[in-house]
């Protein structure tokens, strides 16, 4: 007799399509396609904004549960109500486990599931481990499993929180390689943005924030642009301080016309922009410590120039997928020169990056990894 499908409730305490949202929804979709009984609960309201988490989940055939508030941050009254409501739901509905993705939903789940013999699993999206707080110590020590995005994160959390090593697992966060497929028809973003067909385009996908090291990027590119007339830099992202951190520095360096700010791009325009690049750049992780944008650029067959910050060296193998530097303007400039001057190297790195993304960073691979973790937690009889 075939085993019954695993029944899992995923919790996501946010409504914004940022950081872990896309990986969480994509995982639910992939597990559902593998026959698991997947329920997905997320925040029902988005303030004055658009609840893209709900919309995207519905687009994949997942009707979100909205009977919980699941606010992003701890709110004592709402959390207390959520614990009560979730407890009632768990007492009426049979699940094999609960899978949490963010801090507040983890705290709610652990309290609601107390005494029910129901494992709580936490996915981490912190590339180098959780913050060193008592709250995270509690999560690590009370969740049945912590699924880490990198070996560095696993080692750090195991050392910092002193938890049993058997509760830690590593799974590569995935992207939709069907969407990020360089072989499919995409908008010609070079033409749309008025970029010359012969331009050598470097591109970065990152919010414009003080800690993202844009000053180092602009310093390196300023020298590179002086040496390479066809060089262009495309910045895919935006930020509340973009005038101060990006627009003004570019003007002061005399780089108007050499740096293109696209703002936020979505859907096929975003993928088409990645396809238009000659090489991608990424200097430091943001709210998504797993650096999903790097995996997306790699899937498009593009070589990367990165720093050593966060888990970037675990994603981009130096001199295989691109060049990993110390992040200084001098080393970034040297990497730009090398990829520009050696097209064969650039293409070889891009091919290897694409192959790695399609194998290790695919949804299929990710879902199978998570399913194997579920089975180990549940005793292997599922």
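Residue numbers (my numbering): 4 to 385.
Note that the Cβ used here is the ideal one computed from N, Cα and C, for glycine as well.
{"Check": "Of the listed residues 268, 278, 224, 232, nearest to residue 252 (C-alpha basis)", "Outcome": "224"}
{"Check": "Meets three-Cβ-pair contact criterion under 8 Å: the region 313-322 and the region 150-159", "Outcome": "yes"}
{"Check": "The region 71-86 / the region 119-137 touching (three or more Cβ pairs under 8 Å)", "Outcome": "no"}
{"Check": "C-alpha distance - residue 38 paired with residue 12, whole-angstrom precision", "Outcome": "14 Å"}
{"Check": "Host alpha helix (DSSP H) of residue 143 (start-end)", "Outcome": "137-145"}
{"Check": "Where residue 211 falls: helix, strand or coil (DSSP)", "Outcome": "coil"}
{"Check": "Three-pair Cβ contact test at 8 Å for the region 167-184 versus the region 25-33", "Outcome": "yes"}
{"Check": "Residue environment, residue 267, which counts as buried when at least 16 other CB atoms sit within 10 Å", "Outcome": "exposed"}
{"Check": "Residue from 231, 367, 362, 205 with nearest C-alpha to residue 325", "Outcome": "205"}
{"Check": "Whole-angstrom C-beta distance between residue 231 and residue 265, which should lie under 8 Å", "Outcome": "The pair is not a contact, with the Cβ atoms about 21 Å apart (cut-off 8 Å)."}
{"Check": "Option in 336, 296, 82 with minimal Cα separation from residue 222", "Outcome": "336"}
{"Check": "Reduced DSSP category for residue 262 - H, G, I as helix; E, B as strand; rest coil", "Outcome": "strand"}
{"Check": "Coarse secondary structure for residue 381, derived from DSSP in three states", "Outcome": "coil"}
{"Check": "Nearest candidate by alpha-carbon position, reference residue 194, set 255, 276, 142, 169", "Outcome": "276"}
{"Check": "Limits of the alpha helix (DSSP H) - the one that residue 307 falls within", "Outcome": "Premise fails: residue 307 lies in the beta strand (DSSP E), 307-309, not in any alpha helix (DSSP H)."}
{"Check": "8 Å contact criterion, which residue 60 and residue 45 should meet: CB distance rounded", "Outcome": "7 Å"}
{"Check": "Buried versus exposed call for residue 298 [16 or more other C-beta atoms within 10 Å across all chains shown]", "Outcome": "buried"}
{"Check": "Proximal residues to residue 40 (C-beta, below 8 Å), its chain only, five neighbours per side dropped", "Outcome": "8, 9, 10, 11"}
{"Check": "Pairwise C-alpha distance: residue 217 and residue 93", "Outcome": "47 Å"}
{"Check": "Where residue 283 sits in the DSSP three-state scheme", "Outcome": "strand"}
{"Check": "Neighbourhood of residue 247 by C-beta, 7 Å cutoff - its chain only, sequence neighbours within 5 removed", "Outcome": "none"}
{"Check": "Span of the alpha helix (DSSP H) around residue 218", "Outcome": "217-230"}
{"Check": "C-alpha distance - residue 261 paired with residue 331, whole-angstrom precision", "Outcome": "21 Å"}
{"Check": "Candidates 97, 368, 109, 98, of which the one nearest residue 86 by Cα", "Outcome": "109"}
{"Check": "Cutoff 8 Å; reference residue 365; Cβ partners in own chain excluding five residues on either side", "Outcome": "177, 178, 180"}
{"Check": "Rounded distance between the beta-carbons of residue 308 and residue 148, thought under 8 Å", "Outcome": "Residue 148 to residue 308, Cβ: 35 Å. No contact."}
{"Check": "Whole-angstrom distance between residue 258 and residue 198, CA atom to CA atom", "Outcome": "15 Å"}
{"Check": "For residue 235, the first and last residue of its enclosing beta strand (DSSP E)", "Outcome": "234-239"}
{"Check": "Contact set for residue 321: own chain, Cβ-Cβ below 6 Å, skip 5 residues either direction", "Outcome": "327"}
{"Check": "Which listed residue (220, 243, 244, 245) has its alpha carbon closest to that of residue 235", "Outcome": "220"}
{"Check": "Neighbour-count burial assignment, residue 138, 16 or more Cβ in a 10 Å radius", "Outcome": "exposed"}
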